[in-house]
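Its first residue numbered 24, the sequence shown is counted upward by one per residue in our numbering.
Inspection log for the structure reproduced underneath, given as structure tokens.
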Amino acid sequence: MEKAFIYLNPVLEQFEQELLKNVSTWRNTPSGQERQIKLINTKPEDLEQLLQQSRVETMKKFRKLHYDAFNDCIHLRYRKQKYTIIYFLKDGKHMPTEIDVHKHDYVLPYRNGIQGGMTDERFIMSNFHQVSELRVGGFYLWDEVERFAAYAWKLGKKVMIDEDLTELFAGRILERNFQRTTYPGINPYDYGEAAFNKFMEDRRGKPWLFRNYERP
24 MEKAFIYLNP
34 VLEQFEQELL
44 KNVSTWRNTP
54 SGQERQIKLI
64 NTKPEDLEQL
74 LQQSRVETMK
84 KFRKLHYDAF
94 NDCIHLRYRK
104 QKYTIIYFLK
114 DGKHMPTEID
124 VHKHDYVLPY
134 RNGIQGGMTD
144 ERFIMSNFHQ
154 VSELRVGGFY
164 LWDEVERFAA
174 YAWKLGKKVM
184 IDEDLTELFA
194 GRILERNFQR
204 TTYPGINPYD
214 YGEAAFNKFM
224 EDRRGKPWLF
234 RNYERP
């Protein structure tokens with residue numbers, strides 16, 4: 024195993040939180056506008072039931088979009104490029120059943136905190152001395168994911184965080200120009216010069232974060 028994509032903490036509850044944060048964006052889709060028209064023309068006594076039905080239908084569609092895109096990104100960016108796919112899941116937690124785990128993927132458990140005298144990142148890396156190139160995603164970007172990537176970088180590994188495949192994913196897939204096939208899937212220049220400068224400032228001095236964005 025020379026190349027690996029490691030996803031930290033693919034916990035069902037955390038995915039659900041991000042879905043709930045971003046589902047309202049569907050109000051701006053054509054299907055969302057159609058639902059609003061339908062609600063306007065609904066009798067008052069039927070409105071509450073229709074509202075509940077609309078919320079359920081919206082979340083169902085958004086959830087499908089989310090996991091279809093998630094599985095595509097991992098397959099096209101990593102599995103298809105000969106990376107070994109490894110999910111590290113905390114003991115007692117459950118992954119979403121919508122995540123595609125292929126025959127040669129791994130789902131490995133670990134405990135949160137100190138394990139045999141080692142921190143989480145040391146414990147995980149102790150299993151991958153032979154890996155030279157790492158891509159990392161998971162929950163949460165500025166917490167465990169970054170600590171793990173920084174530790175791997177200090178060990179001399181070629182490592183990069185796929186920021187798309189962190190808690191940011193549910194929002195990023197709704198970006199107009201999001202690309203599933205390659206990382207990065209967005210270009211922060213699209214947000215304007217001031218937003219781009221702030222985006223890059225947060226990544227200064229962190230070689231495990233992508234910085235080579237092209238100006239349109």
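Ideal placement from N, C-alpha and C gives every residue a C-beta, glycine not left out.
Computed from a predicted structure; not experimentally measured.
{"Asked": "R170 versus F28 - alpha carbon distance", "Found": "16 Å"}
{"Asked": "Three-state secondary structure (DSSP) of M223", "Found": "helix"}
{"Asked": "Residues bridged to K83 (per DSSP)", "Found": "For K83, which the question treats as bridged, DSSP gives no partner whatsoever."}
{"Asked": "Minimum C-alpha distance to H98 - residue among K87, H127, D114", "Found": "H127"}
{"Asked": "Residue closest to M82, alpha-carbon to alpha-carbon, out of E121, L42, K113, A217", "Found": "L42"}
{"Asked": "Helix, strand or coil at F233 according to DSSP, with G and I counted as helix", "Found": "coil"}
{"Asked": "Coarse secondary structure for G194, derived from DSSP in three states", "Found": "helix"}
{"Asked": "Inter-residue spacing [alpha-carbon to alpha-carbon] between I109 and Q202", "Found": "22 Å"}
{"Asked": "CB of R226 within 8 Å of CB of R234, strictly", "Found": "yes"}
{"Asked": "Selection from A173, F85, P211, L164 that minimises the alpha carbon distance to G228", "Found": "A173"}
{"Asked": "Beta carbon of D143 nearer than 8 Å to that of E121", "Found": "no"}
{"Asked": "For R195 and G179, believed in contact at Cβ under 8 Å, the rounded distance", "Found": "Wrong, their Cβ atoms sit about 30 Å apart, outside the cutoff."}
{"Asked": "DSSP three-state assignment for V4, whether helix, strand or coil", "Found": "Outside the shown range of the chain, which is 24 to 239, sits residue 4, and nothing can be said about it."}
{"Asked": "Identified DSSP bridge partners for E144", "Found": "For E144, which the question treats as bridged, DSSP gives no partner whatsoever."}
{"Asked": "Reduced DSSP secondary structure (H/G/I, E/B, other) of N32", "Found": "coil"}
{"Asked": "Separation of A175 from S47, as counted between CA atoms", "Found": "37 Å"}
{"Asked": "Test item: CB-CB of R100 and T189 under 8 Å", "Found": "no"}
{"Asked": "T107 versus Y133 - alpha carbon distance", "Found": "18 Å"}
{"Asked": "C-alpha gap between V79 and N45, whole angstroms", "Found": "14 Å"}
{"Asked": "Run of the beta strand (DSSP E) containing P132, from where it starts to where it stops", "Found": "129-133"}
{"Asked": "Cα-Cα separation, Y212 to N200", "Found": "12 Å"}
{"Asked": "Proximity to K87 [Cα-Cα], best of D185, E224, A193, H117", "Found": "A193"}
{"Asked": "Spatial distance of L197 from A92 (CA atoms)", "Found": "10 Å"}
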